[in-house]
Each structure stands twice: as C-alpha cells, then as structure tokens.
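Every position in the sequence shown, counted from 1, becomes a number in the working numbering once 9 is added.
Note that the Cβ used here is the ideal one computed from N, Cα and C, for glycine as well.
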Amino acid sequence: MRITFLGAAGTVTGSKYLLEHSNRHILIDCGLFQGYKQLRLHNRDPFHIPVSDLDAIVLTHAHLDHSGYLPVLVRNGYRGPVYATSATCELAKILLLDSGRLQEEEAEFANRHGYSKHNPALPLYTEQDAEQALKLLRPMELHQKIEIVQDVTIELRCAGHILGAATVEVDVGGLVVVFSGDLGRPKDPLMFAPETVEQADYLLVESTYGNRQHPVESPQEQLAEVITRTALRRGITLVPSFAVGRAQLLMYHLYQLKRKRAIPDVPIYLNSPMATDVTRLYQQFHKEHRLTLEECEGMCHVAQFVRTVEDSRELDQQSTPAVIIAASGMATGGRVVHHLKALAPNPMNTLLMPGFQAGGTRGAQIVAGAPTVRIHGQDVPIRAEVVPMQTLSAHADADEIMQWLHGFKRPPKHTFVVHGEPDASDVLRRRIALELGWSVSVPEYRDSVEL
Numbered sequence: 010m011r012i013t014f015l016g017a018a019g020t021v022t023g024s025k026y027l028l029e030h031s032n033r034h035i036l037i038d039c040g041l042f043q044g045y046k047q048l049r050l051h052n053r054d055p056f057h058i059p060v061s062d063l064d065a066i067v068l069t070h071a072h073l074d075h076s077g078y079l080p081v082l083v084r085n086g087y088r089g090p091v092y093a094t095s096a097t098c099e100l101a102k103i104l105l106l107d108s109g110r111l112q113e114e115e116a117e118f119a120n121r122h123g124y125s126k127h128n129p130a131l132p133l134y135t136e137q138d139a140e141q142a143l144k145l146l147r148p149m150e151l152h153q154k155i156e157i158v159q160d161v162t163i164e165l166r167c168a169g170h171i172l173g174a175a176t177v178e179v180d181v182g183g184l185v186v187v188f189s190g191d192l193g194r195p196k197d198p199l200m201f202a203p204e205t206v207e208q209a210d211y212l213l214v215e216s217t218y219g220n221r222q223h224p225v226e227s228p229q230e231q232l233a234e235v236i237t238r239t240a241l242r243r244g245i246t247l248v249p250s251f252a253v254g255r256a257q258l259l260m261y262h263l264y265q266l267k268r269k270r271a272i273p274d275v276p277i278y279l280n281s282p283m284a285t286d287v288t289r290l291y292q293q294f295h296k297e298h299r300l301t302l303e304e305c306e307g308m309c310h311v312a313q314f315v316r317t318v319e320d321s322r323e324l325d326q327q328s329t330p331a332v333i334i335a336a337s338g339m340a341t342g343g344r345v346v347h348h349l350k351a352l353a354p355n356p357m358n359t360l361l362m363p364g365f366q367a368g369g370t371r372g373a374q375i376v377a378g379a380p381t382v383r384i385h386g387q388d389v390p391i392r393a394e395v396v397p398m399q400t401l402s403a404h405a406d407a408d409e410i411m412q413w414l415h416g417f418k419r420p421p422k423h424t425f426v427v428h429g430e431p432d433a434s435d436v437l438r439r440r441i442a443l444e445l446g447w448s449v450s451v452p453e454y455r456d457s458v459e460l
C-alpha cells in the first residue's frame with residue numbers, strides 16, 4: 010500500500026491523503042488550502058491521479074481545510090461515495106454551500122471593482138458544484154465498520170474538536186492506518202474528549218499546536234475583561250470566528266458571563282448565517298457534546314442572529330457598545346472582512362482574535378501588529394486595540410497530543426506528523442522520538458511512501 014501526502018504536510022491546511030492498494034484509490038480528507046497565496050494556488054493544481062480513478066473519500070470532519078476541496082473533485086468527475094459521521098454530513102451541507110456561494114460573491118465583487126489580476130476572476134467552484142458534491146455524502150455511525158471497497162474497511166471514533174469530528178481507522182487487508190484528524194481537548198467545555206486508539210501499523214497525527222501549550226488562564230475572565238474595557242470607552246468588540254465550533258464556544262462563554270452578570274449588558278450579534286445554522290445543530294445532536302439542554306438553549310439564544318446583508322451593514326453604524334461575532338475566523342473572507350474595513354480604523358474598538366491564525370491570513374497579519382491590512386484592494390489602517398486570545402482553541406496542545414499518543418498499547422511501525430507549521434511539526438516529532446521512542450518523521454507536500 011502507498012500513501013501520498015497531498016496536503017497538510019508542512020502546513021496546517023489542505024488536508025488530503027491518498028491511499029493506493031491493488032489499483033484501489035481512497036482519499037482521506039479533501040481539504041482546501043488556505044492562507045499564503047502559494048498554498049492557495051495548489052487548489053487549482055491538477056489532482057494527483059485522474060479523478061475517475063478515485064474509489065472513495067472519507068472525511069474526518071467538516072472544516073473546509075478538511076472538506077472544502079470536495080466540490081472541485083465532483084465538478085471534475087468524481088462520482089463515488091463520501092463517508093463521514095452524520096453530524097459531519099450535516100455540517101458539510103452548511104459549509105460547502107456557503108463556501109461555493111462566498112467564492113462566487115468574491116469573484117463577482119472583484120470583477121465589479123476591478124481589483125483582481127485575473128480577467129475575469131473565476132470562483133474555484135460554485136454553489137451548484139457544492140450541491141452536486143453533497144449528493145455523494147454517506148453518513149455512518151461511530152464504531153461501525155464498513156467495507157468501502159474490496160478488502161478495505163474503515164471505522165470512525167470520536168476525535169472531540171467539533172461536532173462529528175472523528176479519527177479514521179483504515180484496515181487494508183489487515184494493515185491498519187490511523188488518521189487522527191484534528192484532535193480535540195480532553196477538558197473542552199463543549200465537546201467530549203478524543204477517544205483512545207490502542208493500536209495501528211501506521212499513524213498520521215496532527216501537530217497544529219505541536220510546539221506549545223495552551224494558556225491556563227480562564228477564557229471567561231479574559232472575555233469579560235476585554236468586553237468590559239471596550240464598552241467603557243464606548244467601543245465595539247469585533248470577534249472574527251470560525252462558524253463551526255469557535256462561534257458556539259464563544260456563545261457558551263458569553264451565555265455564562267451574562268448569566269453571572271460578569272459583563273455589561275451590551276447587545277451580542279452573531280453575524281453569520283452559517284454559524285446560526287450550525288448552532289441549531291447542537292440541539293439536533295445534543296447527545297454528541299457535553300452541554301445540558303438548558304446550557305444548549307442558553308448558548309443558542311445569547312446572541313441576536315443577523316441574517317440579511319442589510320442588517321449586517323447596519324452593524325457597522327452601531328454607535329453604542331456591542332459584541333459582534335462574524336466569520337471567518339482568520340479574516341480571510343465573509344462578513345467579518347466588511348466589519349474590519351469599518352471598525353478597525355477606530356481606536357475605541359477592539360479586535361479580539363481567538364485561536365490559531367494560519368500564516369498568510371489577515372488574522373495572522375493583524376495579530377503580528379501590521380499597521381494596515383489589504384481588503385478589497387485598499388489598505389485599511391488597524392488602529393483598534395488588538396487582543397490575541399489563545400484560550401478558546403478546539404485543538405489539543407502539545408501535551409494533550411502526547412497524552413493521546415500514550416493511549417497506544419504498542420508503537421506504530423511508523424508515525425507521520427502532519428497538519429502543522431514546520432516548527433510545530435518538528436518539535437512534536439522530536440518529542441515523540443525522545444519521549445516515546447517511536448519511529449517518526451514529518452512528510453513533505455506530495456511525498457509518497459510505501460507502507
């Protein structure tokens with residue numbers, strides 16, 4: 010069997026791993042490259058093999074860096090099954106349609122305002138392409154073994170992280186390869202801890218936070234401090250947020266803070282139709298997270314949901330303190346970009362930047378202290394207070410990854426460290442080699458290895 014690393018190798022984005030065995034081809038994850046332009050350009054590369062040769066796709070979870078390339082493959086001829094948990098399938102319906110719609114809107118905006126170098130600017134895929142991709146989804150349950158092609162079975166286990174996220178075990182004629190996907194945190198307020206995996210012949214483990222630990226400070230205390238400080242100067246707290254997972258965690262903490270009267274009674278807006286739809290899924294899949302029904306109800310109603318573009322524009326004219334949560338989490342697109350143009354130049358406001366910001370994104374530039382960021386062909390000054398917040402991550406940190414690895418009863422023959430920036434992956438590689446004594450390496454993009 011051969012594995013080829015078609016993404017999330019040397020970077021945290023574009024997760025795609027191709028398994029080949031006896032003329033069978035299986036793709037684990039199907040993610041978009043995001044961040045640096047040189048990475049995003051890979052989204053338009055020809056696929057590694059003829060798309061018609063692919064037999065099956067398996068998704069670890071629905072985040073676009075793991076699922077967002079699927080409409081491209083379908084547009085180019087893929088017609089096979091796409092396996093994932095039921096919650097991942099429901100989230101993918103929301104995320105992929107939104108992604109296609111957003112890419113069409115951005116291409117149209119670029120053409121209308123003439124700031125693209127391409128004439129015309131074209132979307133990577135359309136909403137219609139996404140609709141075709143969704144027809145291929147095949148929901149499956151955790152701990153259910155399914156033969157997806159002859160002599161190849163898969164089994165999914167809970168990975169924490171977000172609704173529906175799973176580790177994937179692939180058994181190819183008795184040879185077992187485990188893909189960690191994105192591992193959640195053992196004590197995440199919303200999601201259950203990642204399930205232990207006891208054995209594998211080969212392992213791919215994520216390393217997003219492979220070189221650091223999460224802060225121990227309370228996220229609620231930090232949120233309360235920032236929101237209160239901003240409200241006292243009559244400003245708006247703008248929070249770029251992923252629509253899946255991060256937005257719901259923020260609203261959970263804000264619900265608790267409001268309940269305890271630990272923050273001023275300012276309006277809270279969730280300005281993301283996608284995040285609104287995702288939030289409702291927490292009620293549908295209430296057995297797949299830690300929240301009680303009361304907490305879930307409180308989380309779902311702490312914010313005013315902003316649906317229309319007109320209502321979104323009105324928020325930029327808000328003259329009293331407020332909290333605005335808007336996608337995307339790294340400020341690469343979506344409604345938060347328009348809020349940045351309006352709110353970032355005002356020193357009364359705060360840009361609260363929660364979680365990991367991939368290199369090359371606007372979020373990373375803002376956190377690094379850039380005096381301006383480029384938005385729609387204009388340099389927008391950043392005069393608002395910038396507050397990075399690392400206490401809301403849905404990813405296991407380095408110690409938590411090592412804790413998960415200790416669950417293996419015997420070492421894999423080899424472990425591949427993936428889904429991390431180069432330093433994070435290499436630091437985790439050294440820890441695995443020194444502390445566990447395992448055979449381990451960091452693959453590069455398009456490396457191909459015989460297992």
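Asked	Found
Beta-carbon within less than 8 Å of Val187's beta-carbon, same chain only, minus the 5 sequence neighbours each way: which residues are those?	Thr176, Val177, Glu178, Val179, Val206, Ala209, Tyr211, Leu212, Leu213 and Pro421
Thinking Met362 and Val395 are a contact (beta carbons under 8 Å), I'd like their distance in whole angstroms, please.	7 Å
What three-state label does DSSP hand Thr94 in the structure shown?	strand
Figure out for me which residue from Glu140, Pro132, Arg84 and Arg88 has the closest Cα to the Cα of Leu104.	Glu140
Apply the 10 Å Cβ neighbour rule to Ser108 and answer buried if 16 or more other Cβ atoms are within range, or exposed otherwise.	buried
If you check the beta carbons only, do His348 and Leu247 fall under 8 Å apart?	yes
For Leu151, which residues in the same chain have their Cβ closer than 7 Å to its Cβ, ignoring the five residues on either side in sequence?	Thr94, Leu165, Arg166, Cys167 and Ala175
Under the DSSP definition of a beta bridge, which residues are partnered with Tyr218?	Asp406
Can you tell me whether DSSP reads Ile272 as helix, strand or coil?	coil
Report all residues from its chain with a CB closer than 7 Å to the CB of Val376; omit the five preceding and five following residues, and keep chain order.	Met362, Gln366, Val395 and Pro397
Rounded to whole angstroms, what's the CA-CA distance from Gln2 to Val332? Just pull it up for me.	Nothing in the structure corresponds to residue 2, since the chain is present only between 10 and 460.
Does the stretch 262 to 281 come into contact with the stretch 73 to 90, if we say contact requires no fewer than three beta-carbon pairs (one atom in each stretch) closer than 8 Å?	no
Along the chain, where does the alpha helix (DSSP H) that runs through Asp74 open and close?	Leu73 to Ser76
Determine the DSSP secondary structure at Gln387, reduced to helix, strand or coil.	strand
For the candidate residues Phe425, Ser402, Ala312 and Asp138, whose alpha-carbon lies nearest to that of Tyr278?	Ala312
Taking all protein chains shown into account, do 16 or more other C-beta atoms lie within 10 angstroms of the C-beta of Asn128, making it buried, or fewer, making it exposed?	exposed
For Phe42, which option in Pro452, Gly368 and Val91 has the closest C-alpha, if you only look at C-alpha atoms?	Gly368
Using 8 Å as the threshold, is the C-beta distance between Gly169 and Phe118 below it?	no
Return the first residue and the last residue of the beta strand (DSSP E) that Tyr26 is part of.	Tyr26 to His30
Taking Cβ positions, are Pro228 and Leu401 nearer each other than 8 Å?	yes
Could you give the distance in angstroms between the alpha-carbon of Ser216 and the alpha-carbon of His428?	6 Å
Hey, could you find the ends of the alpha helix (DSSP H) Gly396 is sitting in?	Here the sequence assigns Val to residue 396, which means Gly is not the residue at that position. Counting along the chain, Val396 falls outside any alpha helix (DSSP H), though it belongs to the beta strand (DSSP E) covering Glu394 to Met398.
If Pro354 and Arg243 are in contact, beta carbons under 8 Å, what's the gap, nearest whole angstrom?	With 8 Å as the limit, Pro354 and Arg243 do not qualify as a contact, their Cβ atoms being about 16 Å apart.
So what's Ile334 in DSSP terms, helix, strand or just coil?	strand
For Val83, report the span of its alpha helix (DSSP H) as first-last.	Leu79 to Arg84
Could you give the C-beta distance for Ser3 and Ala373, rounded to a whole number, given that I count them as a contact under 8 Å?	Any answer about residue 3 is impossible in this case: the structure gives the chain only from 10 up to 460.
Go through the stretch 158 to 229 residue by residue and report every complete run of the beta strand (DSSP E) that reaches 3 residues or more, in order.	161 to 167, 175 to 181, 184 to 188 and 211 to 215
On a Cα-Cα basis, can you pick out the residue from Asp388, Gly86, Tyr45 and Leu302 that is closest to Leu63?	Gly86
Can you tell me whether Arg88 is buried or exposed? The criterion is at least 16 other CB atoms within 10 Å of its CB, across all chains shown.	exposed
Taking Cβ to Cβ, would you say Leu143 is nearer than 8 Å to Thr97?	no
Starting from Tyr278, trace the beta strand (DSSP E) both ways and give me its first and last residue.	Ile277 to Asn280
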